[in-house]
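Undergrad: Mind looking over this structure? Questions follow.
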Amino acid sequence: MRPTAQALFAAVFAFVLLVIVPWAIRVTHHDDFYYTLSSVALLAIASGGVWLTFYIGRINIGQGAYALIGGYASAIFVVKAGLSFWIAMPLAGVVCALVSVAIGLPILRLRGVYFAMVTLVLTEVARLSALALPITNGAMGITEIPPPGPLGLFGFNLLPSFASFANRNQAFYFLCVVMMMLCFAALYRLVNSRVGRLFAALRQNEDLASSMGLNVPALRVLAYAISSFLGGVGGAIFAAIAQSVYPSSFTVADSINFMLNCFLGGLGYVFGPMLGTLVLYFGWDLLFQAGQYQLLIYSGVMIILMLVLPNGLLSLRFSRKKGA
Amino acid sequence: MAPILQVKNLSKAYGGLIAVNDVSFEVERGEILSVIGPNGAGKSTIFKLISSFVKPTRGEVLFEGERISGLAPHIVARKGVVRTFQETTIFKGLTARDSVVVAHHLRSRANLIDYYLNTAAARRDEDEFGRSSDEILEFLGLGEVKNEIAGNLPQGHLRALGIAIGLAANPKVLLLDEPFAGMNHDETRRAIEMTRAVRERGVTLLLVEHDIAAVMRISDRIAVINFGSKIAEGKPAEIQSNDKVIEAYLGVEDESIGI
């Protein structure tokens, strides 16, 4: 895509999310949709992180751990340290990135299914730690997290306190959607820069990359830290919306879903996780009608989709374009 | 002048199995030295020891007088000792040109943040890498196929691409892992020309190879390995007439051709 086409596409996308969707919600009086779509946006951010670890050739089923750590970190910063949400949120991401460096250095030496298995365990470790540690308040979790306060920058008031909004769900919706767009713009820039090509080289062949002088362990950890940062930011905003965080806020099932979102959207496309999250989230809800068969149908459809569309939903659009 | 690469009393044991036993040789600046030996003689292990993908049990490798054994592979590459891999080991999913551009990493002057923000320094690097990649690809006869996905290229081109990726890293010593394996007569001839041309660029070459005929034609000197130990070293003519070599290597080779 040429830069002008990119800018146009981004503008249309932002217009739809920031103007069309709120308008549609007001007309149809489906106010609960704000909450649903906020969740989708946050899950998409966390999935975007998982996508980046796929990009360096690692199957990551541990993003739930970082979402949980991010949620707890921001809750503790806000409730116990009295920090503003606007500082606590990025700080929670940084905490996750730091934790992921410590965890990633040893485990990123593993490849394939071995790495995947270890990450799968991480989510459970995070949950059990949240239950056991004194600072996380065990099974009671951290509740009554105050809503985000006013956001100021260099003395200018950019946003009033969320408590003052009549429609708080709408305010959160805008926050989540803007954050999602920022995160994915940053990811897009990353994979289209030389850094992205270095990451791609890692995915293709780590031995060859290191013999070309690439510091493979450092680059791997960098990608994993960015991935975990996104997981942490997603978790932090989630905790703010729910005004609470519990050990069960993010579980192994969430970690698996983050991964499935990437598969479904397409591992070859940076915006894949966004589409994957949207489709998967609503697909699951729609199947609620099927009652006890919900999981069966859901899993069956996922398996079929992976067989028929191994490169994800976005490959539909791109393969047709190529054929034309 | 001092040798560019010195292999000193190198040994590697895997448990009780001694893969390489007290091997020493030196590579002079600008020469082509080949390490040959029958299958399982320990050639590949020597290769991995020199490029530091494997740590020696005893002994050491010196590059320009400095010990490189035990350093991380990317540090060894940074110093100027770059290895290639056998045939299909390339960046399969990237185009030929992108592979070579990525491999210019060691010539980077900008850092990762520059690249992310696409600063002037990053753009200067990118321009330079692009130009240099085009030159290298042209040099190795890959100009026509540079925008193909590497995984789709035929064998001959893959070998050339492997060398192109190696050259992009600006090596002083380039280690080639079986550059003639599985090639027919014509392909071998072209590969030999290519290897000589690489030497003309001022790169010292160390080959690990199985194909004796090709090695005899291209090498300045040859070291012969059998059962992990060096049994001979010298000019091709000396190796050809060495009784030990004929017994240990050529005899076995005759049989293996029949299989």
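These protein sequences, in sequence, are chains A and B.
The numbers in my numbering rise by one with no breaks, and the one at position 89 of the first sequence is 215.
The numbers in my numbering rise by one with no breaks, and the one at position 191 of the second sequence is 173.
For glycine and all other residues, C-beta sits at the position ideal for the given N, C-alpha and C.
Because the structure is a prediction, the values reported are computed rather than measured.
Across which residues does DSSP place V190/B in a beta bridge pair?
TA: According to DSSP, which records beta bridges pairwise, V190/B is partnered with V17/B and D159/B.
Undergrad: Hey, is Y192/A's beta-carbon within less than 9 Å of any beta-carbon in chain B?
TA: No, Y192/A lies away from the interface with chain B (no Cβ there is under 9 Å from its Cβ).
Undergrad: Since G75/B meets chain A, which of its residues come closer than 9 Å, beta carbon to beta carbon?
TA: Ordered by position in chain A, the residues that pass the 9 Å Cβ test against G75/B are A326, R329 and Q330.
Undergrad: Give the residues of chain B in contact with S319/A, contact being defined as C-beta atoms less than 9 Å apart.
TA: Neighbours of S319/A on chain B, chain order: L94, Y97, Y98, L99, N100 and A104.
Undergrad: Helix, strand or coil for K25/B? Go by DSSP, reduced to three states.
TA: DSSP places K25/B in helix when its eight states are reduced to three.
Undergrad: Roughly how many angstroms separate the alpha carbons of D4/B and G75/B, rounded to a whole number?
TA: If you take the alpha carbons of D4/B and G75/B, they lie about 40 Å apart.
Undergrad: Please classify V251/A as buried or exposed, where buried requires at least 16 other C-beta atoms within 10 Å of its C-beta.
TA: The residue is exposed, with fewer than 16 neighbouring Cβ atoms inside 10 Å.
Undergrad: Could you tell me which residues DSSP pairs with R79/B in its beta bridges?
TA: Looking at the DSSP assignment, R79/B forms no beta bridge with any residue, so it has no partner.
Undergrad: For R253/A, collect the residues of the same chain with a Cβ closer than 6 Å to its Cβ; drop the 5 residues on either side in sequence, then sort them by chain order.
TA: Correct list, in chain order: P373.
Undergrad: Compare the Cα-Cα distances from R329/A to each of G417/A, G361/A, P399/A and G238/A and report the closest residue.
TA: Nearest C-alpha to R329/A: G238/A.
Undergrad: Report the rounded CA-to-CA distance for G438/A versus Q420/A, giving the unit in angstroms.
TA: Distance between the alpha carbons of G438/A and Q420/A: 22 Å.
Undergrad: Going by other Cβ atoms of all chains shown within 10 Å of its Cβ, with 16 needed for buried, is G281/A buried or exposed?
TA: With fewer than 16 Cβ atoms within 10 Å of its Cβ, G281/A is classed as exposed.
Undergrad: Classify S290/A: buried if its beta carbon has 16 or more other beta carbons within 10 angstroms, exposed otherwise.
TA: Exposed, by the Cβ-count rule.
Undergrad: Quick one: give me the first and last residue of the beta strand (DSSP E) that D202/B is part of.
TA: Element bounds for D202/B: n/a, residue is neither H nor E.
Undergrad: Just verifying my parser: in three-state terms, what is the DSSP assignment at Q(-12)/B?
TA: Strand at Q(-12)/B.
Undergrad: List the residues of chain A that F67/B touches, going by C-beta distances under 9 Å, in chain order.
TA: Result: N331, D333, L334 and S337.
Undergrad: For T154/A, count the other beta carbons within 10 Å of its own beta carbon; 16 or more makes it buried, fewer makes it exposed. Which is it?
TA: Label assigned to T154/A: exposed.
Undergrad: What do you reckon, are the CB atoms on G339/A and L194/A nearer than 9 Å?
TA: No; because the gap between Cβ atoms is not below 9 Å, this pair is not in contact.
Undergrad: Quick one: grab the DSSP three-state call for F364/A.
TA: Residue state, collapsed to three classes: helix.
Undergrad: Under a CB-based cut-off of 9 Å, is P343/A close to chain B?
TA: Taking Cβ atoms only, chain B reaches closer than 9 Å to P343/A, which makes this a yes.
Undergrad: Consider the Cβ of H139/B: report whether some Cβ of chain A lies at a distance smaller than 9 Å.
TA: Taking Cβ atoms only, chain A never reaches closer than 9 Å to H139/B, which makes this a no.
Undergrad: Does G208/A come out as helix, strand or coil in the three-state DSSP assignment?
TA: Reduced to three states, the DSSP call for G208/A is coil.
Undergrad: I'd like the list of long-range same chain contacts for G52/B, defined as Cβ closer than 6 Å, with 5 residues on each side in sequence excluded.
TA: For G52/B, where only same-chain residues beyond five positions count, the Cβ hits under 6 Å are K37.
Undergrad: Taking only beta-carbon positions, decide if A323/A is within less than 9 Å of chain B.
TA: For the record, residue 323/A in the displayed sequence is Arg; it is not Ala. Yes, contact with chain B.
Undergrad: Quick check on D4/B: does DSSP put it in helix, strand or coil?
TA: Correct three-state label for D4/B: strand.
Undergrad: Provide the residue(s) that pair with N283/A in DSSP beta bridges, ordered along the chain.
TA: BP columns for N283/A point to G278/A.
Undergrad: Are the stretch 179 to 198 of chain B and the stretch 99 to 109 of chain B touching by the rule of at least three beta carbon pairs closer than 8 Å?
TA: No, they do not touch.
Undergrad: Name, please, each residue of chain B whose Cβ falls closer than 8 Å to the Cβ of L178/A.
TA: Simply none; closest approach about 13 Å.
Undergrad: Can you find a C-beta in chain A that's less than 9 Å from the C-beta of I228/B?
TA: False, the Cβ-Cβ gap to chain A never drops below 9 Å.
Undergrad: Would you kindly check if the distance between the Cβ of Q189/A and the Cβ of G208/A is under 9 Å?
TA: Not in contact: G208/A and Q189/A (Cβ atoms no closer than 9 Å).
Undergrad: Report, in whole angstroms, the separation of the C-beta atoms of I147/B and S81/B, which I expect to be a contact under 8 Å.
TA: Right, their Cβ atoms sit about 6 Å apart.
Undergrad: Cutting at 6 Å between CB atoms, please list the residues of its own chain near F376/A, excluding the five before and the five after it.
TA: Hits under 6 Å: G190, A193 and L194.
Undergrad: Less than 7 Å between C-beta atoms, sequence neighbours within five positions excluded: which residues of the same chain meet that for L88/B?
TA: Cβ within range, chain order: A59, R60, A151 and N152.
Undergrad: Going by C-alpha distance, which of V347/A, V378/A and S425/A is nearest R184/A?
TA: Out of V347/A, V378/A and S425/A, V347/A has the C-alpha closest to the C-alpha of R184/A.
Undergrad: If you count every other CB in all the chains shown that lies within 10 Å of the CB of W177/A, and 16 or more means buried, which is it?
TA: W177/A comes out buried.
Undergrad: Between the C-alpha atoms of F159/A and F298/A, what's the straight-line distance to the nearest angstrom?
TA: So the alpha carbons of these two residues sit roughly 12 Å apart.
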